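Asker: Could you have a look at this structure, given as structure tokens, before my questions?
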Amino acid sequence: MAIRAVKKVDIKGKTIANYKRWRANNLTAVCFDSKFEWTCYTKLKKEKFNFTFHPPQRELVPKFQSLALSSGKGARKLFRSTVRSISYTTDFAVHCDSGVTVFIEAKGFFHPDARIRYKLFQGSLVPGEISVLVMQKNGNRDIEGIIRIIKEELG
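Set out below in structure tokens:
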């Protein structure tokens, strides 16, 4: 499966041609991982929702020690290895007046590891937290549906 290059977008919705150069000149500016993520942001902003773009990362699986087998030629040995933690940052967290937090993940496509981390994220939710996935292939229908539900049912 070929992985598509994602075009980053600035706060005005313009594609960033050279992200490295752009970031060097815009150290504190907000940018988006895709035009679709920017579209979701502008729609949430238009509704005047209390939301956070890229809320704090959530640790899903803490780091741990494991045994590993050395590689290479010669005698192989077991050694202690640290396995990195698994964490996840969702795209948006909408904080409703009812006390519910709706996490919105805007996706054009899923990398295989992202799909697994998203499932772990869903498993980490506590009462009062909801996670929804909006897909670019559904156009604006997904994000507009979530906005309607937040306004009408979650307040």
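The opening residue of the sequence shown carries number 1123 in my numbering; numbering runs sequentially from there.
Backbone N, C-alpha and C define an ideal beta-carbon position, used for all residues, glycine too.
Predicted model, so just to flag it, every value in this text is computed and none were measured.
My assumption, with CB atoms under 8 Å, is that A1215 sits in contact with T1150. Please give the rounded CB distance.
Answerer: Their Cβ separation, rounded to whole angstroms, is 20 Å, which puts A1215 and T1150 out of contact at 8 Å.
Asker: Is the segment 1163-1183 touching the segment 1203-1214 in the sense that three or more CB pairs, one from each, lie closer than 8 Å?
Answerer: The segment 1203-1214 is in contact with the segment 1163-1183.
Asker: DSSP state of L1242, grouped into three classes?
Answerer: L1242 falls in the helix class under three-state DSSP.
Asker: How would you label I1272, buried or exposed, when you count the other beta carbons within 10 angstroms and need 16 or more for buried?
Answerer: I1272 comes out buried.
Asker: Between S1246 and G1194, what straight-line distance do the alpha-carbon atoms span, to the nearest angstrom?
Answerer: Looking at the two C-alpha atoms, the distance is approximately 39 Å.
Asker: Taking only the alpha-carbon atoms, compute the straight-line gap between R1263 and I1133 and give it to the nearest angstrom.
Answerer: Distance between the alpha carbons of R1263 and I1133 is about 22 Å.
Asker: Would a C-beta distance cut-off of 7 Å place C1162 and A1236 closer than the cut-off?
Answerer: No.
Asker: Does T1204 come out as helix, strand or coil in the three-state DSSP assignment?
Answerer: Correct three-state label for T1204: strand.
Asker: I'd like the span of the alpha helix (DSSP H) that includes F1158, first residue to last.
Answerer: Where F1158 is concerned, the enclosing alpha helix (DSSP H) stretches over K1157 to K1168.
Asker: To which residues does DSSP link C1218 through a beta bridge?
Answerer: DSSP lists no partner for C1218.
Asker: So, at 7 Å on beta carbons, what are the nonlocal neighbours of C1218 in its own chain, with the 5 sequence-adjacent residues on each side left out?
Answerer: Once the five neighbours on either side are set aside, the close Cβ partners of C1218 are V1224, I1272, L1276 and G1277.
Asker: Taking the alpha-carbon of M1257 as reference, which of V1205, S1156 and L1191 has the nearest alpha-carbon?
Answerer: Out of V1205, S1156 and L1191, S1156 has the C-alpha closest to the C-alpha of M1257.
Asker: I1252 by DSSP, collapsed to three states: which one?
Answerer: Strand at I1252.
Asker: Helix, strand or coil: how does DSSP classify F1225 here?
Answerer: Of the three classes helix, strand and coil, the one that applies to F1225 here is strand, per DSSP.
Asker: Buried or exposed: L1191, going by 16 or more other Cβ atoms within 10 Å of its Cβ?
Answerer: It counts as exposed.
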